[in-house]
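Peer 1:
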Amino acid sequence: MMDEKRFGELIAAFGAEPSRWPQNERAPALAFTRDHPEIAARLRKEAEALDGLLEAARTAPPPARLEQAILAAAQAETRFAPSWARLAAVLALSAGLGLGWSGASLRAGGSGDAAYAMAFSSFEEPAFEALTDFLQDEVR
Amino acid sequence: MQAFVARTLPKISGAAYRLLGDSTEAEDVAQETYLKVWRNAGKWSPGTARFDSWVMRIAVNLCYDRLRKRKDVQLPEHFDREDGAAPADAVLAGRSSEEAVRAAVAALPDRQRLALELCHFQEMGNIEAAEIMEVSVEAIESLLSRARRTLRERLMGEAGDLIASLSESQTDYNRGDAT
Chain A
1 MMDEKRFGEL IAAFGAEPSR WPQNERAPAL AFTRDHPEIA ARLRKEAEAL
51 DGLLEAARTA PPPARLEQAI LAAAQAETRF APSWARLAAV LALSAGLGLG
101 WSGASLRAGG SGDAAYAMAF SSFEEPAFEA LTDFLQDEVR
Chain B
141 MQAFVARTLP KISGAAYRLL GDSTEAEDVA QETYLKVWRN AGKWSPGTAR
191 FDSWVMRIAV NLCYDRLRKR KDVQLPEHFD REDGAAPADA VLAGRSSEEA
241 VRAAVAALPD RQRLALELCH FQEMGNIEAA EIMEVSVEAI ESLLSRARRT
291 LRERLMGEAG DLIASLSESQ TDYNRGDAT
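Line by line, the protein sequences give chains A and B.
Throughout the first sequence, residue numbering follows the numbering used here, covering 1 to 140 in sequence.
Throughout the second sequence, residue numbering follows the numbering used here, covering 141 to 319 in sequence.
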């Protein structure tokens, strides 16, 4: 239940920006801000100031040379690695299904993981062989 | 593969830098992480954690290993740090700018710093952050609450000055006055 106490706890932990609030509590918390604008504004005010200050502490993006070094190491490492086929499947599915940090709706044990499991169980199928051949060519 | 690295590297290097506070070490951890991924992809098991969370967990564990090694080295009394960095309190006492904010964040305990990096700076959901840190979502909320409370106590007393200072430096930068 979203009341003043819980709303205050959310703000204290996740800050004033709704996009950072837990997904399952975002709608009730936004409803609380609509229903109790003065209370919500008071609770969010201090958190907004801290959010603003924290912008100064963002880390710099990694240098381009680091990505190049990692890709070069990957080429050397995966060309002869026995686990290459499995890795290729994971990366291909990861990209194709949009999993990962951007795939917040796909929970462990959900439809995304079922797709992974299907890929791993079909290692012997011709379509999978074609996929790994293609990916190996891409890396080379 | 390039898309995978491009997507995950900023997250990995960001978390590594936040934990280790050293860009060279953060880069080393990023490279070690991907080597472990290439070599151990077969050990990832669908149904336990998302692949990206599993990769991130490898990076975090590598950072924890390095932090443990640092703590194993007992520093003599009155030890002067080789990098010349001042303790957080000294930095905070002497400055009112970005450095004060960075120092306050850097002075947080490791797990609070990581939770803040994942949930605030990287805007990850609490469930993903909990997966990476191998704790409950309640623990993530607790870590974030404590981190923000500490930062408020350290920074908000001088928040007006800090905000004015940060705003001024941003204005100077936009005008092209920054050197």
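From the three backbone atoms N, C-alpha and C, an ideal C-beta is built for every residue, glycine too.
Computed from a predicted model, the values in this text were never measured in an experiment.
(1) Closer than 7 Å by beta-carbon distance: list the chain B residues that pair up with F14 of chain A, in chain order.
(2) I need the boundaries of the alpha helix (DSSP H) containing M273 of chain B, first residue and last residue.
(3) Does any CB atom of chain A fall closer than 9 Å to the CB of S153 of chain B?
(4) Determine which residues of the region 261-273 of chain B have a Cβ less than 8 Å from any Cβ of chain A, and write them out in chain order.
(5) Could you check whether the region 65-74 of chain A touches the region 32-49 of chain A, counting it as contact only if at least three pairs of C-beta atoms, one from each stretch, sit closer than 8 Å?
(6) Under a CB-based cut-off of 9 Å, is L202 of chain B close to chain A?
(7) Taking Cβ-Cβ distances shorter than 7 Å, what residues in chain B pair up with E67 of chain A?
(8) Less than 7 Å between C-beta atoms, sequence neighbours within five positions excluded: which residues of the same chain meet that for T290 of chain B?
(9) List in chain order: all unbroken alpha helix (DSSP H) runs of 4+ residues lying wholly within the region 8-39 of chain A.
(10) Please report the straight-line C-alpha distance between G15 of chain A and V241 of chain B, rounded to a whole angstrom.
(11) By Cβ distance, which residues of its chain are closer than 7 Å to R20 of chain A, with the 5 residues on each side in sequence left out?
(12) Consider the Cβ of E4 of chain A: report whether some Cβ of chain B lies at a distance smaller than 9 Å.
(13) Starting from D192 of chain B, trace the alpha helix (DSSP H) both ways and give me its first and last residue.
(14) If we define contact as Cβ-Cβ less than 9 Å, is A29 of chain A a contact residue for chain B?
(15) Quick one: what does DSSP say L295 of chain B is sitting in, helix, strand or coil?
(16) Measuring only the C-alpha atoms, how far is L160 of chain B from A41 of chain A?
(17) Please state whether DSSP places A72 of chain A in a helix, a strand or coil.
(18) Show which residues of chain A have a CB atom less than 7 Å away from the CB atom of L291 of chain B.
(19) From the beta carbon of Q142 of chain B, is the nearest beta carbon of chain A less than 9 Å away?
(20) Rank A:A56, A:M1 and A:D3 by C-alpha distance to the C-alpha of E239 of chain B and give the top, closest one.
(21) List, in order along the chain, the chain B residues whose C-beta lies closer than 7 Å to that of P18 of chain A?
(22) How many Å lie between K45 of chain A and I267 of chain B at the Cα?
(23) So which residues of chain A does L175 of chain B contact, with C-beta pairs closer than 7 Å?
(24) Using alpha carbons as the reference points, say which of B:E274, B:E263 and B:R288 lies closest to P22 of chain A.
(25) With burial defined as no fewer than 16 other Cβ atoms inside 10 Å of the residue's Cβ, what is the status of T148 of chain B: buried or exposed?
(26) Kindly indicate which three-state DSSP category G161 of chain B falls into: helix, strand or coil?
(27) Step through the CB atoms of chain B and report whether any lies within less than 9 Å of the CB of L54 of chain A.
Peer 2: Quick answer:
(1) Chain order gives the chain B residues near F14 of chain A as C259 and L284, where near means a beta carbon separation below 7 Å.
(2) That run of the alpha helix (DSSP H) goes N266 to M273.
(3) Yes, S153 of chain B lies at the interface with chain A (some Cβ there is under 9 Å from its Cβ).
(4) Residues passing the 8 Å Cβ filter: F261, Q262, E263, M264, G265, N266, I267, E268 and E271.
(5) Contact between the region 65-74 of chain A and the region 32-49 of chain A is absent: fewer than three C-beta pairs spanning the two stretches fall below 8 Å.
(6) With 9 Å as the cut-off, L202 of chain B does not count as an interface residue toward chain A.
(7) Residues of chain B passing the Cβ test: V145, A146 and L149.
(8) Cβ neighbours of T290 of chain B beyond the five flanking positions: L248.
(9) Fully enclosed alpha helix (DSSP H) runs of no fewer than 4 residues occupy 23-35 of the region 8-39 of chain A, in order along the chain.
(10) Here the C-alpha atom of G15 of chain A lies approximately 16 Å from the C-alpha atom of V241 of chain B.
(11) Closer than 7 Å at Cβ, skipping near neighbours: F14.
(12) Under the Cβ distance rule, E4 of chain A does not count among the residues neighbouring chain B, no pair being separated by less than 9 Å.
(13) Taken as a continuous stretch (DSSP letters only), the alpha helix (DSSP H) holding D192 of chain B covers F191 to D212.
(14) Not closer than 9 Å to any Cβ of chain B, the Cβ of A29 of chain A fails to qualify, so no.
(15) L295 of chain B falls in the helix class under three-state DSSP.
(16) The straight-line gap from Cα to Cα measures roughly 36 Å.
(17) DSSP places A72 of chain A within a helical segment (H, G or I) once states are collapsed to three.
(18) Residues of chain A with a Cβ closer than 7 Å to the Cβ of L291 of chain B are, in chain order, L50.
(19) Answer yes: the Cβ-Cβ gap between Q142 of chain B and chain A drops below 9 Å somewhere.
(20) Ranking the options by Cα distance to E239 of chain B, first place goes to A:A56.
(21) In chain order: nothing, as chain B lies at least about 11 Å away.
(22) The straight-line gap separating the alpha-carbon atoms of K45 of chain A and I267 of chain B is approximately 26 Å.
(23) Here the neighbours are A73 and E77.
(24) Of the residues B:E274, B:E263 and B:R288, the one whose Cα lies closest to the Cα of P22 of chain A is B:E263.
(25) T148 of chain B should be labelled buried.
(26) Coil at G161 of chain B, not helix or strand.
(27) With 9 Å as the cut-off, L54 of chain A counts as an interface residue toward chain B.
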